[in-house]
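Chains as they are written, first to last, in the numbering used here: chain A, 1 to 352; chain B, 1001 to 1270.
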Ligand SMILES: Nc1ncnc2c1ncn2[C@@H]1O[C@H](COP(=O)(O)OP(=O)(O)OP(=O)(O)O)[C@@H](O)[C@H]1O
Ligand SMILES: [Mg+2]
């Protein structure tokens, strides 16, 4: 009922093109996360959906209605800002009821809805305080409460947790996931924290330079990235990316020139490629191996990561199946299953 | 150790001189109001017993109620209008992007360097053609679009979080409602500081009212006081008594708004 459709949406500030043609479908009740490096246009795209920035060209539909020229307040959206943007001169209660008061809602209804939001977010005790008397986490909750009170069809969040400390961030992340279940509405959420993206999203949209690099479920993007950018962006620790050249019978990696790595896809001999392998795809039972020297070891308790080098300069990140006896300087045979390799062409596109 | 002491001594000495220089005229004004003109001319700096005489003389020679009413109306109306117009302009300059914005603003700042004396004659011609000479409107109108106050509001608006405006838009407020219900209360310190500055400037305004207010019943207290000094043998006791009275409103406003004034000058958005 209140999905979103973006059709070839563009945005320029003067001669600067920030959003360069975005097509996107968001289903009703979906939790969609926009990720991408700083300056790629996440906030701009979100603000265009909110109606805070004019859409230069293209169409935006919320539900079935074209919303390009509709007032922000009439779009059925609510937004939570990174800086919370609470009205400093009003109490929490007034902050949350402000929009309704302006829409001319009756007093009792405002009170009921504020009480409901306060219950959901456990804000009851804070209703008569001003924002200046609240902690960062509490302010964030009030900002979310202000959005909830309006019963929007779509929630927009712009990096809502980035001003919180790490512990609170984890806590609020879980809160937001719970909220999505409880409210059962569409959420569009901007972050550059990929743990937030992976854990919260039904669908991740990876943006770069104002275009969508790939959109899909978190595990799709993780397992099956369309291009080098997405492969490198999603996943922590990052995927290992190694330059190589295709030959008859396999790929020769520049940093491991003695051996030929079997390729999971057919690549014409002589093609320059990049091979990607995730740290956790190194597996002692794998059929292929790279000969490395361990340089750094990180014990996380549950897993042990080794940073190891072959003949060249690039440092591989290896999950070692929690091999706690490993020492730096040791030779280490990094075994893996060739089927888990991803191969990318010279243009960064995945070869399938 | 001793060096630090000497330095401290010098600092205290300089501060004392500065304090003396700024406080003495004030002290002398208050003391003078209680002395006879002859005592004042002799340089007496202690309290006298002529306060009542001076007061009686002042109130018989000057239609005080009328004159203070004139000054008050002019200062209050001018302050309200100046704040309304200049804060709107400052808000507009900072909030709305436009290619010509900086150029217009630069031009305004350039106008700050034109002395008022240079504009006085053309202004007078304008107001006499508009048949407004000898009215309060003529005193008030030239001051309300204060470039300095526009500049002050623009600078302080830079600290106003733009996300508040965005949030208000999403909450359904029109631009004028954002200004009235969000910007204005958030910026109240700035308004308080500007109130003091503008009120004082208008209350003390001398040159332009002197030109444009011509009949005695329209004059302001500043004009009356300077008129008294111009007498053949000025009665300084009477004049200083009037000066004390004329100072009271500004002092009152300053103490009422003092805390906010300091915040406003520091550009605090709370
Ligand atoms: N009002 C504006 N005028 C001109 N350029 C702008 C304006 N707003 C944003 N931009 C530019 O648009 C680009 C995208 O900005 P945006 O804020 O959407 O990035 P972002 O992906 O949200 O980045 P971040 O992760 O740092 O928040 C940036 O290069 C920015 O400089
Ligand atoms: Mg952003």
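For every residue, glycine included, the Cβ atom is placed at its ideal position computed from N, Cα and C.
Nearest-angstrom beta carbon gap, residue j and residue i [assumed within contact, 8 Å]
i	j	result
residue 4 (chain A)	residue 49 (chain A)	7 Å
residue 111 (chain A)	residue 96 (chain A)	Not confirmed; about 10 Å, so no contact.
residue 205 (chain A)	residue 18 (chain A)	Their Cβ separation, rounded to whole angstroms, is 16 Å, which puts residue 205 (chain A) and residue 18 (chain A) out of contact at 8 Å.
residue 11 (chain A)	residue 53 (chain A)	6 Å
residue 306 (chain A)	residue 285 (chain A)	Their Cβ separation, rounded to whole angstroms, is 17 Å, which puts residue 306 (chain A) and residue 285 (chain A) out of contact at 8 Å.
residue 1143 (chain B)	residue 1202 (chain B)	6 Å
residue 434 (chain A)	residue 304 (chain A)	An answer regarding residue 434 (chain A) cannot be provided, because it is not within the stretch 1 to 352 covered by chain A.
Closest Cα partner of residue i within the set the options
i	options	result
residue 1117 (chain B)	B:1211, B:1240, B:1226, B:1247	B:1211
residue 220 (chain A)	A:207, A:244, A:235	A:235
residue 1038 (chain B)	B:1238, B:1246, B:1261	B:1238
residue 1233 (chain B)	B:1018, B:1033, B:1003, B:1041	B:1041
residue 311 (chain A)	A:300, A:158, A:291	A:291
residue 1205 (chain B)	B:1194, B:1191, B:1221	B:1221
residue 227 (chain A)	A:237, A:208, A:244	A:208
residue 1090 (chain B)	B:1214, B:1225, B:1194	B:1194
residue 90 (chain A)	B:1114, B:1168, B:1099	B:1168
residue 149 (chain A)	A:168, A:99, A:128	A:99
residue 237 (chain A)	A:331, A:214, A:316, A:260	A:316
residue 187 (chain A)	A:279, A:304, A:251, A:144	A:144
residue 1259 (chain B)	B:1188, B:1093, B:1142, B:1043	B:1188
residue 140 (chain A)	A:273, A:159, A:128	A:159
residue 352 (chain A)	A:194, A:328, A:276	A:276
residue 337 (chain A)	A:287, A:269, A:296, A:330	A:287
residue 1087 (chain B)	B:1170, B:1125, B:1176	B:1176
residue 88 (chain A)	B:1236, B:1256, B:1185, B:1255	B:1185
residue 1162 (chain B)	B:1095, B:1083, B:1133	B:1095
residue 1235 (chain B)	B:1032, B:1022, B:1018, B:1019	B:1032
residue 132 (chain A)	A:115, A:84, A:222, A:176	A:84
C-alpha gap between residue i and residue j, whole angstroms
i	j	result
residue 197 (chain A)	residue 271 (chain A)	34 Å
residue 344 (chain A)	residue 184 (chain A)	39 Å
residue 247 (chain A)	residue 230 (chain A)	26 Å
residue 1004 (chain B)	residue 1182 (chain B)	51 Å
residue 225 (chain A)	residue 214 (chain A)	8 Å
residue 1268 (chain B)	residue 1010 (chain B)	Reliability of the predicted coordinates at residue 1268 (chain B) is poor, the pLDDT of 49 falling under 50, and the value obtained from them is presented with this limitation in mind. Those two C-alpha atoms are separated by around 34 Å.
residue 302 (chain A)	residue 119 (chain A)	38 Å
residue 1100 (chain B)	residue 15 (chain A)	16 Å
residue 1024 (chain B)	residue 1230 (chain B)	24 Å
residue 216 (chain A)	residue 263 (chain A)	26 Å
Residue i in three-state terms, based on DSSP
i	result
residue 108 (chain A)	helix
residue 392 (chain A)	Look at the range of chain A in this structure, 1 to 352, and you will see that residue 392 (chain A) is not part of it.
residue 1014 (chain B)	helix
residue 1212 (chain B)	helix
residue 360 (chain A)	Since the displayed chain A opens at 1 and closes at 352, residue 360 (chain A) lies outside it and no answer follows.
residue 1062 (chain B)	coil
residue 72 (chain A)	helix
residue 1160 (chain B)	coil
residue 1235 (chain B)	coil
residue 158 (chain A)	strand
residue 204 (chain A)	strand
residue 309 (chain A)	strand
residue 332 (chain A)	strand
residue 1108 (chain B)	helix
residue 1263 (chain B)	helix
residue 59 (chain A)	strand
residue 92 (chain A)	helix
residue 214 (chain A)	strand
residue 1045 (chain B)	coil
residue 1117 (chain B)	helix
residue 83 (chain A)	coil
residue 170 (chain A)	helix
residue 341 (chain A)	coil
residue 271 (chain A)	coil
residue 175 (chain A)	helix
- Stretch-stretch touch, CB-based, cutoff 8 Å, three pairs: the region 145–159 of chain A with the region 69–88 of chain A: Contact between the region 145–159 of chain A and the region 69–88 of chain A is present, because at least three Cβ pairs lie under 8 Å.
- Query: Taking contact to mean at least 3 C-beta pairs separated by less than 8 Å, is the region 332–348 of chain A in contact with the region 251–264 of chain A?
  - Reply: Yes, the region 332–348 of chain A touches the region 251–264 of chain A.
- Task: Please determine if the region 1163–1179 of chain B and the region 1039–1058 of chain B are in contact, where contact requires at least 3 C-beta pairs separated by less than 8 Å.
- Result: Counting Cβ pairs under 8 Å, fewer than three are found: no touch.
- Do the region 1149–1156 of chain B and the region 1121–1136 of chain B touch if we need at least three Cβ pairs shorter than 8 Å? The answer is no - the region 1121–1136 of chain B does not touch the region 1149–1156 of chain B, with fewer than three Cβ pairs under 8 Å.
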